[in-house]
Each structure stands twice: as C-alpha cells, then as structure tokens.
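Novice:
Residue numbers (my numbering): 62 to 892.
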C-alpha cells in the first residue's frame, strides 16, 4: 500500500489535491501567526456564521471575504478587493494576499491605515519584521502609536473616554461610527465642520451599511472634477459603441465624452491625425481603440488616474482579456509550447504598473498634454496603426513613456486585433523617420514582464496538463560516447520507463539528436533543437552550465531551474574552462532552484568552492550502480588470460599518460588496450581514441579483459569502475573518498583494488597477475539486505520527485530575485 501511494505521489496523480491542502494549511498558519483573524469578533459580527456552527476562519477563507465580511475591525475585505481589482479578479482571499504581498508592497488594509508610513514612523516594528496592521491592533494603539499622520490614537481615546473604557481600538471605532458622527481624529481636524461643509464626503462602507446617513447632494461637473476624453475607433466595434453610449448617460462623476471618431477599420491614418488635432486643441485625452472592447467609467478613470503616477507618462495601456476571461499577453504568442492566453490568477503577482517603451496595443490612452504637442508625424502612413506608432515614437523622443496598467482589464472581442501590427512596408517607413524605433521595439521585446507572465500563466493554470511541463536541457551533450552523455542518456532512459503526469520535452543540438537517435529512443517525449521555445514549470539541465547564457536561457523559459553538477574538475584545473565558468557556477549556487549531485563527493567539492544559498534545494542522486544496466547478457570470462584495459583521456587529471609510460615496460609480456589516446605505438599496446568507441565495441573490450586500470586523480562518479565490477573484473583505481563511496553502492562482484602511487600500482597489478591476495575496498555496504543497487529508473524517479517538490511552490519571488541578479551580472560584464 505504501509503495503504491509513493508511486502515485511520484507520478503526480494526487499531487494537485495534496498541493491544495498544503496551500490551505499554509494559508491558515500564516493568518494565525499574524494574529489578524479575530474569531470572537467575527462570530459577534456575523451571527449567521455562529448559528451555522462552522469554523469562523474556514468560513472567511472559503466565502466570507467575497461576501464582504471582515476578519477583524481594521481589515476591510470589500475595500481591499475594490482597491486591488487584480486580486478580486483572481479570486484570491484579500487577507491572504495582504499578508503575502500587499503589506510589503504598501497596500492599505483600509482607507485610513497607512502601513508604509507606520513602519517609517516606528522603525522598531520594521526591524522586528512585524506586520504593521497586526502590531497596531495588538499593542500599537494601546501604546499611542498612530495609523496615519492625521489620526492621533491617544488624543482620540482621551476625547472619547467611553471608547477607552470599553478597550476598543480607536481607529476601529472611528471607522465604524466616529467619522459619521463628526468626531475629530486629531486636534487639527474638525469632523463636524467637514461633514457640514464637504457634502461630497463619502462615508465608510461599514457606516453606510449600518444605516447612518449624511447629506450628499449631486456632484456638479466642472473642469476640476471631470475627465474629458475623445475617442477614435473602428465603426464596426459593437461592444465599444455600446459602452460609450452607457457612458454618455452615466451620472457624475463619469468621464465626459467629447468627439467620437469612427473610421473604416485600420485604413484611416488621416482620421487619427484629425482626432489628435481636435483633442489637442481642447486639451482632452485621446483614447485609440483598434480592437472592440467593453469599458466602463471606472476603467477610464483608472487609466486617466495612471497619468498621476508621473508627469512623463504619455500613454497608458490596459490589459485585454479574451472572451473566456483569460488575460491576453502583451506580445502575441506564436512560439510552440507557449500559452496563447493567461489565467486571471496571474494578476495577483503583477505590479500595478509597468513602464515600457512605446508599443502598439488594441487600446491606448494618450495623455492630453502630449496630444496637444503631437505634430502630424503620421502623414506618411496609410493605416491607423502606422500613424499611431509614429506618433508614439515622437512622444517617446519628447521623453514620454508608455505605462502598462495591469489592474485595468478590458474584455475584448478577438485576440488578433488586440495585437495590431504595421502593414507591409510601414516598418521600413517608420525606421526611415525614426531609426530608434527598432531599438524601442527590441527594448520592449526584452522586457522581463513578457516571460515572467508566461511562466506565471504556466504554473497558475487550472489545467494540470498546462502545469506539468518539464524540460530536460541536453544542450551540454555532444555527438560522442563519453561519461557525460552516458549519464544524460541513462537518466532519460529511466524517465522513459516511468508513468508520469509530466509532459516531457528534450532540448538538444541537432547533431546530438541524430548521433544518439533521441527521437527514436524517446518517442513519447517532444525532442527539438534550434532555438529554445516554450514555457515550463521546471527545467533540468543534465550537466553543468558553462556560460551565463545557459542560465539566462533556462531562466526565461522555466519558473524553476535545476542543474546536474557532474564535477568541479574544469574549474579546479583552470585550463579546461573559460573565464565565464566561475561567475556562472556562482550564479547557479546562489540563484538556481535546485542542484543535483551525482555523488556526495561531488556535492562537497562544489559547495566548498561555490557555497549554495540556503534556499537552493540540493540532492545527491547516485547514478545507476546496477550491473545489468552496464553489461551484456553473456558475462562468461575468456578461457585465456585477456588484456589489461586502461581508460582515460588526454587531460592530466586522468593520470593516463604516466601510467602508459610505466605499465607496458613493467609488464612487457602483457597486452594492454588503452581507451583515451591513439598515438602511443608499442608492441604490447593497442590504443583507441576516446569518444569514438561504440557501445558494442566497449562491451567486447570489457568482456574480454583480465582487469581494468582506472588511474584518474579526480572524478565525479566513475562509470568505468561500475562497469568493470559488473563484468567481474579486478578494478584497480586510485584511492579516494569517491572510490569508497561508489564501492558502497555496488553489489559484491569482482574486486575494487586501490592504489596510491606508481609503486603501489605496479605491486597491485603484479599480485593480481600472480593470483596473490591484494587490498580491496568493501562493496555493497549501502545496499540494504534483500535490496538491489540503484537502477536508472530509480535515479529518474528521484529526479522527477525533486521536480515535483519544486513545482509545488508556484511563488515567483525566487525568479524575480534571479532576474535582478542576472541583469546586474549582465551590466557588470558589459563594463
């Protein structure tokens, strides 16, 4: 039963359910730790919950927040959702969002509590890492701390002794009834006078709901409180036309529509220039619609309000949504493996605003000050999109930037029109007049928000098939036979044997795919080469990263990235690695999501040289030590004494050259076969080039050998050792902690004979040839009784489980930190 459960966990079939439960537990634990849910207060406020006998926190998390119920007297759920529409659209609990991100981002829990101001006024609270609202509720108010610059907690309690005697939080009382009764929040603010002289004053939502009324005469339109806007759009837009008709009859303070220019599709650049001239003369904002959208007064107010963020915001662009409610990306997604639209859940992790160079979108609002200063730069274009793009380029040259308003989402009729493009020949015309427009396009395309959103959409998708996307990056493989390739192929073979919910892609160079026949070998997987495309929840590179580009590439295509560290030899010997290896491995150690090591020996070497950050998950996964996966079916030893097999290459740490000078002379009657160099010419030596020996020929050489000599000083694992033992050979290898570690993983077969120097090597070989006793390293100490050594399937299962653990946390924070680090590294390198 336990094994079955583990298999289902590994395959991910019940991972989603467990993930949801784990998220709920974390959510409850975070709220409990913050002390921002007052169960007693909640039951007193909502007697229907008490009567139902349900757990108050469970009720609030499941439905209460979206019914406008509050977790404590100072957290206004409905107000928070109204102020953060992306949170509401994604159906994220407001208190959970406030704890996870809102408080840190300076978002207010109610209209009168200023968290950032509170932390600045009381630095001890910030130093202690406390939530400002929780601190004010629990002890801050009692100690005379104030929630904003205009509310004096001590003074309010002094002036309202009944509130103080009741032990009620002063701000909670003020919000509930004090403001409506005209009570002053401080000696500098007269509440009664304000109610009498400011009839537009809006009562807090809870006060109005309680039936307390105050006179609010109709607001009179004036230039000071009204938004004036012109619109240009296609005459066929049904939704936009209906929306504008509603705006015309909407009560104040709705925006006042001026001219609405209807054009025939995208073929009226002259109409845009006329609309710009007219809006400019009247100092109106100009809304350019190139797709059919629904928009309400609050949407226009929010877009115009975005201009207040900075005087040099020239264009505000809202987010557009497909008919099914999914958010359309800012760039049209055409690459294989990308999602054409994104689940609204991503909105909770997007900033309210994103600066950008100018770019075309189906909906663009142009600032009135800029409209008034736009010359007729679009006269050389036939289309609306061409004229708009040229006008935007001019505005950028004046210093005006575009601002993406992620909190404003407009339903659109079709995705294609949401990404308008220049028509044939217009791009050349644009660059002719504005050569830097191509640079602006490149800068826009390089914005991190594009791949950040795509990755969020991948991991936040409600469809398991979207979320379970795993990439194996095999770009470090080569079209030869060697240990690096054998490791990658062994892991992929193991994955192919496992039933899993992961949809697996393999990225490798074309010559590698052909040489190792990857498409034929892994028919269930997507195997591709060329440019890396698609988005993935997890990407695992089956070798070390050698350049910063290899990290950047995975970072832009996967939320979580993992590197398989085979060894640290190249960095240690220096001459085999370029100068980029050190900063690249340092980046991997501090900003990868996971590091896999093929031995404890390798893990220790890497962490001593490149200490991994505490947040980086690490796992040792020994490679296959099961002899059946290294040997052919027939392991019969030859009747006549065979050759001594030596394995290495031309790198000095392999120790092959000195041994080849020594052993053929020490044993002139013995035949040697050496794999790793082909230039030695001796009568008793057959030399073969490394990487060119086929698997079948390698099998024959092992099967007919008398013993194996593996003289390497420095390895990460040592495939020849396992293979030699599998054929029952005496394996003579240089003594090391790694040799003992691998021996413990292998079943007793053959002998593992250590040596320390030339003399002990010659002595060990001589004693073996003479059938005398030799020192051996114990085998199988880490293999449990009745168990088998690790197979490739086991290795793959551990790696898939590792990926599942990483994917269970969809947080974007680590990816954001890595983005910052990579951009800093790029700037530093450019200098």
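Yeah, the Cβ is synthetic: ideal placement off N, Cα and C, and Gly gets one too. Remember, it's a predicted structure, so these values are computed and weren't measured experimentally.
Measuring CA to CA, which of 160, 109 and 112 is closest to residue 93?
Specialist: In the chain shown, the residue the question calls residue 93 occupies position 32. Comparing Cα-Cα distances from residue 93 to each of 160, 109 and 112, the minimum goes to 160.
Novice: Counting only runs that start and end within the segment 645-670, where is the beta strand (DSSP E) found for 3 or more residues in a row?
Specialist: Runs found: 655-658.
Novice: Whole beta strand (DSSP E) runs in the segment 391-462 with 3 or more residues, listed along the chain?
Specialist: As far as the segment 391-462 is concerned, its whole beta strand (DSSP E) runs of at least 3 residues are 414-417 and 424-427.
Novice: Report yes if the C-beta distance between residue 460 and residue 452 is below 8 Å; otherwise report no.
Specialist: If you number the chain shown from 1, residue 460 lands on position 399. If you number the chain shown from 1, residue 452 lands on position 391. No, the Cβ-Cβ distance between residue 460 and residue 452 is not below 8 Å.
Novice: Under 8 Å, with one C-beta from each stretch per pair, do the segment 488-499 and the segment 428-448 reach the 3-pair mark?
Specialist: Yes, since at least three Cβ pairs between the segment 488-499 and the segment 428-448 fall closer than 8 Å, the two stretches touch.
Novice: For the pair the segment 669-676 and the segment 593-612, tell me if three or more CB-CB distances fall below 8 Å.
Specialist: Not touching, per the Cβ criterion.
Novice: Can you name, in chain order, every residue of its own chain whose Cβ lies under 7 Å from the Cβ of residue 644, other than the five neighbours on each side?
Specialist: Taking the chain shown and counting its residues from 1, the one referred to as residue 644 is at position 583. Closer than 7 Å at Cβ, skipping near neighbours: 609 and 886.
Novice: Helix, strand or coil for residue 507, going by three-state DSSP, please let me know.
Specialist: Position 446 of the chain shown, counted from the first residue, corresponds to residue 507. Reduced to three states, the DSSP call for residue 507 is coil.
Novice: Can you give me the Cβ contacts of residue 305 inside the same chain, cut-off strictly under 7 Å, excluding the 5 residues immediately before and after it?
Specialist: Residue mapping note: residue 305 aligns to position 244 of the chain shown, counting from 1. So the list reads 292, 318 and 321, once near-sequence residues are dropped.
Novice: Nearest by alpha-carbon distance to residue 744: which of 351, 120 and 729 is it?
Specialist: Walking along the chain shown from the start, residue 744 turns up at place 683. Residue 744 has its Cα closest to that of 729, out of 351, 120 and 729.
Novice: Assuming residue 290 contacts residue 316 (C-beta within less than 8 Å), just tell me the rounded distance between them.
Specialist: As a working note, residue 290 is residue 229 in the chain shown. As a working note, residue 316 is residue 255 in the chain shown. Contact holds; Cβ gap of about 5 Å.
Novice: Could you pull out every unbroken alpha helix (DSSP H) segment of at least 4 residues lying fully inside the segment 779-810, listed in chain order?
Specialist: For the segment 779-810, whole alpha helix (DSSP H) runs of length 4 or above, ordered along the chain, are 780-787 and 798-806.
Novice: Check for me: the alpha helix (DSSP H) holding residue 289 runs from which residue to which?
Specialist: Taking the chain shown and counting its residues from 1, one reaches residue 289 at position 228. It is not in any alpha helix (DSSP H) - residue 289 instead sits in the beta strand (DSSP E) that spans 289-295.
Novice: Please say whether residue 471 and residue 382 have beta carbons closer to each other than 8 Å?
Specialist: For the purposes of this step, residue 382 is identified with residue 321 of the chain shown, where counting begins at 1. For the purposes of this step, residue 471 is identified with residue 410 of the chain shown, where counting begins at 1. Against a cut-off of 8 Å, the Cβ pair of residue 471 and residue 382 comes out as a contact.
Novice: Just to confirm, are residue 206 and residue 235 a CB contact at a threshold of 8 Å?
Specialist: The count along the chain shown starts at 1 and reaches residue 206 at position 145. The count along the chain shown starts at 1 and reaches residue 235 at position 174. No.
Novice: Would you mind reading off the limits of the alpha helix (DSSP H) that contains residue 611?
Specialist: In the chain shown, residue 611 corresponds to position 550, counting from 1. Element bounds for residue 611: 609-616.
Novice: Whose C-beta lies closer than 6 Å to the C-beta of residue 415 among residues of the same chain, with five residues either side of it excluded?
Specialist: One-based indexing of the chain shown puts residue 415 at position 354. The answer, listed in chain order, is 465 and 510.
Novice: Going by Cα to Cα distance, which pick from 775, 502, 568 and 245 is closest to residue 627?
Specialist: If you number the chain shown from 1, residue 627 lands on position 566. If we check each option's Cα against that of residue 627, 775 comes out closest.
Novice: Assuming residue 823 contacts residue 803 (C-beta within less than 8 Å), just tell me the rounded distance between them.
Specialist: Locating residue 823 in the chain shown gives position 762, where the first residue counts as 1. Locating residue 803 in the chain shown gives position 742, where the first residue counts as 1. So it is not a contact: roughly 24 Å between Cβ atoms.
Novice: Starting from the C-beta of residue 365, find all residues in its chain whose C-beta is less than 8 Å away, skip the five residues before and the five after it, and write them out in chain order.
Specialist: Reading the chain shown from its first residue, position 304 is the one you call residue 365. Around residue 365: 288, 290, 316, 346, 377 and 426.
Novice: With a threshold of 16 other CB atoms inside 10 Å of the CB of residue 881, please say whether the residue is buried or exposed.
Specialist: Along the chain shown, one-based indexing puts residue 881 at 820. Under this definition residue 881 is an exposed residue.
Novice: In terms of residue numbering, what span does the beta strand (DSSP E) encompassing residue 573 cover?
Specialist: Position 512 of the chain shown, counting from 1, holds the residue named residue 573. Looking at the DSSP string, residue 573 is not in any beta strand (DSSP E); the run it does join, the alpha helix (DSSP H), is 571-576.
Novice: Beta carbon of residue 195, beta carbon of residue 96: below 8 Å?
Specialist: As a position in the chain shown, residue 195 is number 134, starting the count at 1. As a position in the chain shown, residue 96 is number 35, starting the count at 1. Yes; because the gap between Cβ atoms is below 8 Å, this pair is in contact.
Novice: Please state whether the Cβ-Cβ distance between residue 380 and residue 469 is less than 8 Å.
Specialist: To locate residue 380, count along the chain shown from 1; it is residue 319. To locate residue 469, count along the chain shown from 1; it is residue 408. Yes, the pair counts as a contact, with Cβ atoms nearer than the cut-off.
Novice: Suppose the cutoff is 8 Å on Cβ atoms and the five residues either side in sequence are ignored; what does the same chain contact list for residue 45 look like?
Specialist: No answer is possible for residue 45: the residues shown for the chain start at 62 and end at 892.
Novice: Quick one: any contact between the segment 723-738 and the segment 820-834, if contact means 3 or more CB pairs under 8 Å?
Specialist: The segment 723-738 vs the segment 820-834: in contact.
Novice: Since residue 532 contacts residue 873 with CB under 8 Å, what's their CB separation in whole angstroms?
Specialist: In the chain shown, residue 532 corresponds to position 471, counting from 1. In the chain shown, residue 873 corresponds to position 812, counting from 1. About 18 Å separates the two Cβ atoms, so there is no contact after all.
Novice: Any idea if residue 534 is buried or exposed, counting beta-carbon neighbours within 10 angstroms, 16 or more meaning buried?
Specialist: As a position in the chain shown, residue 534 is number 473, starting the count at 1. Result: buried.
Novice: If you check the beta carbons only, do residue 218 and residue 135 fall under 8 Å apart?
Specialist: Here residue 218 is taken as the residue at index 157 of the chain shown, counted from 1. Here residue 135 is taken as the residue at index 74 of the chain shown, counted from 1. It is not a contact, given that the beta carbons lie outside the stated cut-off.
Novice: Give a yes or no on whether the C-beta atoms belonging to residue 475 and residue 780 are separated by under 8 Å.
Specialist: Working through the chain shown from its first residue, we reach residue 475 at position 414. Working through the chain shown from its first residue, we reach residue 780 at position 719. Their beta carbons are not under 8 Å apart, which means residue 475 does not touch residue 780 by this criterion.
Novice: From residue 485 to residue 442, what does the alpha carbon distance come to, in whole angstroms?
Specialist: What you label residue 485 is simply residue 424 of the chain shown in a count that begins at 1. What you label residue 442 is simply residue 381 of the chain shown in a count that begins at 1. Residue 485 and residue 442: Cα-Cα distance of roughly 11 Å.
Novice: Alpha carbon to alpha carbon, what distance is there between residue 662 and residue 681?
Specialist: Stepping through the chain shown from its first residue, residue 681 is reached at position 620. Stepping through the chain shown from its first residue, residue 662 is reached at position 601. The straight-line gap from Cα to Cα measures roughly 9 Å.
Novice: So, at 8 Å on beta carbons, what are the nonlocal neighbours of residue 478 in its own chain, with the 5 sequence-adjacent residues on each side left out?
Specialist: As a working note, residue 478 is residue 417 in the chain shown. 351, 352, 353 and 423, listed in sequence order.
Novice: Is residue 389 near residue 406, with beta carbons less than 8 Å apart?
Specialist: Stepping through the chain shown from its first residue, residue 389 is reached at position 328. Stepping through the chain shown from its first residue, residue 406 is reached at position 345. No, Cβ-Cβ distance for residue 389 and residue 406 is not below 8 Å.
Novice: Relative to the alpha-carbon of residue 157, which residue among 122, 871 and 339 has its alpha-carbon at the smallest distance?
Specialist: Residue 157 sits at position 96 when you count from the first residue of the chain shown. Taking only the C-alpha atoms, the option nearest residue 157 is 122.
Novice: Taking the continuous beta strand (DSSP E) assigned at residue 769, which residues delimit it?
Specialist: For this step, residue 769 is matched to residue 708 along the chain shown. Looking at the DSSP string, the run of the beta strand (DSSP E) that includes residue 769 is 766-771.
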